[in-house]
Each structure stands twice: as C-alpha cells, then as structure tokens.
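*Asks:* A single structure is presented below for examination.
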Amino acid sequence: MKIEEIQYNEAKVLVGCVEEDIRSLKSQLKNIAIYEEEYSKIKTEKRKIEFLAARILLNKAVEKEVHVIYNEDNKPYLKDKSSFISITHSKNYVAVITHPSCQVGIDIELRTDRVKNIVKRFLNIREQSIFSKENNKLEIAWSAKEALFKIIGNKVRDFAAELEVFQFTVNEKGTLYVLHVSGSRIYKLRYYQNEIYTLVLCVDKRIKL
91 MKIEEIQYNE AKVLVGCVEE DIRSLKSQLK NIAIYEEEYS KIKTEKRKIE FLAARILLNK
151 AVEKEVHVIY NEDNKPYLKD KSSFISITHS KNYVAVITHP SCQVGIDIEL RTDRVKNIVK
211 RFLNIREQSI FSKENNKLEI AWSAKEALFK IIGNKVRDFA AELEVFQFTV NEKGTLYVLH
271 VSGSRIYKLR YYQNEIYTLV LCVDKRIKL
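Throughout, this note's numbering is defined as the position within the sequence shown, counted from one, plus 90.
The structure is reproduced here in structure tokens:
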C-alpha cells in the first residue's frame, strides 16, 4: 500500500492507495486475530479490503497494534482510548486520522462530477449561489460536511439546513470554516485537493458564537 502522511497540528493523517489483495492485507495486519469474528461477517471483497487497510493504517499512525471498536452510533474508537480516530474510504483509497486529545473527522472522495447532481441535498440557497459553478469548491464543501458529520453525529443529517460553509479560496491545501447552525458553533477545517482526491479533516477545537 502506498502511504502518504500528513501532519496537522497534533493530528496524524495517513492516506493509503490500496493495491494489494485480501491475502496480502491480512498478512500485514499482525493483530488480525482480534477481528476474526467481526471480519467473518463482512460480505463483499471491497468492504473486506477497506476494513483491513484502515486497521493497518491505524496501527501505523499510533505506532502500536490497536483494537478498533464501535459505539452505539457506529462511530469507531480505540478500545484503549489512547487516541481519537476517524476513518474514510473512496474506491481504492483509505484514510485515517488520529489525535491524542481531540475529536476528529475525516472524509476522502476521488475527484468526479458526481457532486453536481446532489447540490440541493447538501447546500442551502446561499451556498448554492457561491459554490455551484465551481466543482472543486463543491467537492471540498461536500467533504467538509461529511467530515463534520463524523464528529457531530445525527444532529446534522440534514446537511443543507444544519451546516453552512463560509466562502473560501481554493488552493492545493487550505482552511475553511463551517457553521453548525443549531449547535451555534463554527468549526475550522483543513482541506487538501489534488488531481486524484479531495481530503477534508477537522480537529474539534471549536469557536463558540
């Protein structure tokens, strides 16, 4: 697996391009035994590859063998609670983020025009007037809301009503701010965008209104 590492403040991000088959990935996950029951319930090859790759990356990120489990909201966390984590995947890419003391969220999406077809589902009227003509901004806005959903949870199921992205400038990497309307909080997010993927992450150091 080709792995790119990004350091953002105290957060560590690993982005993996998965080229291996299941057998090869299983051989790289030294603590596969603790996942056998959970892994046996996974039906598709794609999902098995994502499962294995994410745990390989998390082991590398925290430099030890960890046990990923899920809470009642299906949010992943480490059994020993040594770090906060978030996991994302798109096609053959998998990315993880870890932080020692703050909640984190991350989303990766391979570059496509797909997001143009769902603009009204995730952007409010003001956002649509700002972002709808620029596909790179649309992709970043979508991933930003996906990343925040992983922190805030079910309170933001309606992306258009609950999360509002403020205007931002697009470069290869940069910062943007998103308002959680009912939570009366602004989140600072970091984005990275290249020809292959859009990646957005958030470390939950929030600004109260």
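We put the beta carbon where it would ideally sit given N, CA and C, even for glycine.
Values in this document were obtained by computation on a predicted structure and should not be read as measured data.
(1) Nearest-angstrom Cα distance between residue 169 and residue 220?
(2) Determine the DSSP secondary structure at residue 102, reduced to helix, strand or coil.
(3) For residue 197, list the residues DSSP reports as bridge partners.
(4) Can you check DSSP and say which residues form a bridge with residue 264?
(5) What residues are listed by DSSP as bridge partners for residue 97?
(6) Thinking just about the alpha-carbon of each residue, which of 222, 231, 217, 193 is nearest to the one in residue 206?
(7) Excluding the 5 residues flanking residue 210 on each side, which residues of the same chain have their C-beta closer than 8 Å to its C-beta?
(8) Fully enclosed by the stretch 156 to 217, which alpha helix (DSSP H) runs are 4 residues long or longer?
(9) What would DSSP say about residue 113, mapped onto helix, strand or coil?
(10) Could you please give the first and the last residue of the uninterrupted beta strand (DSSP E) stretch that includes residue 119?
(11) Counting along the chain, where does the alpha helix (DSSP H) carrying residue 152 start and finish?
(12) Helix, strand or coil, according to DSSP, for residue 92 in the structure here?
(13) Buried or exposed, going by whether 16 or more other CB atoms sit within 10 Å of the CB of residue 247?
(14) Which residues bound the beta strand (DSSP E) around residue 254?
(15) Within the continuous alpha helix (DSSP H) that includes residue 237, where are the two ends?
(16) Taking just the CA atoms, how far does residue 140 sit from residue 284?
(17) DSSP on residue 299, reduced to helix/strand/coil?
(18) Locate the alpha helix (DSSP H) running through residue 129, then write down its first and last residues.
*Replies:* Reading it off the structure:
(1) So the alpha carbons of these two residues sit roughly 42 Å apart.
(2) Strand at residue 102.
(3) DSSP output for residue 197 lists 290 as bridge partner(s).
(4) Under DSSP, residue 264 shares a beta bridge with 281.
(5) According to DSSP, residue 97 bridges with 102.
(6) Considering only alpha carbons, the answer is 222.
(7) Closer than 8 Å at the Cβ level, and outside the excluded window around residue 210, lie 218, 250.
(8) Within the stretch 156 to 217, the runs of alpha helix (DSSP H) at least 4 residues long that lie entirely inside it are, in chain order, 209 to 212.
(9) Of the three classes helix, strand and coil, the one that applies to residue 113 here is helix, per DSSP.
(10) No beta strand (DSSP E) holds residue 119; DSSP gives it neither H nor E.
(11) Residues 135 to 152.
(12) Strand, per DSSP.
(13) Classification of residue 247: exposed, given that the 10 Å Cβ count is below 16.
(14) That run of the beta strand (DSSP E) goes 253 to 255.
(15) Note, residue 237: alpha helix (DSSP H), 225 to 242.
(16) Straight-line Cα distance between these residues: approximately 22 Å.
(17) Residue confidence is low: residue 299 scores 49 on pLDDT, short of 50, so the model does not pin down where it sits. Its coordinate-derived value is still stated next. Coil.
(18) For residue 129, the enclosing alpha helix (DSSP H) covers residues 126 to 130.
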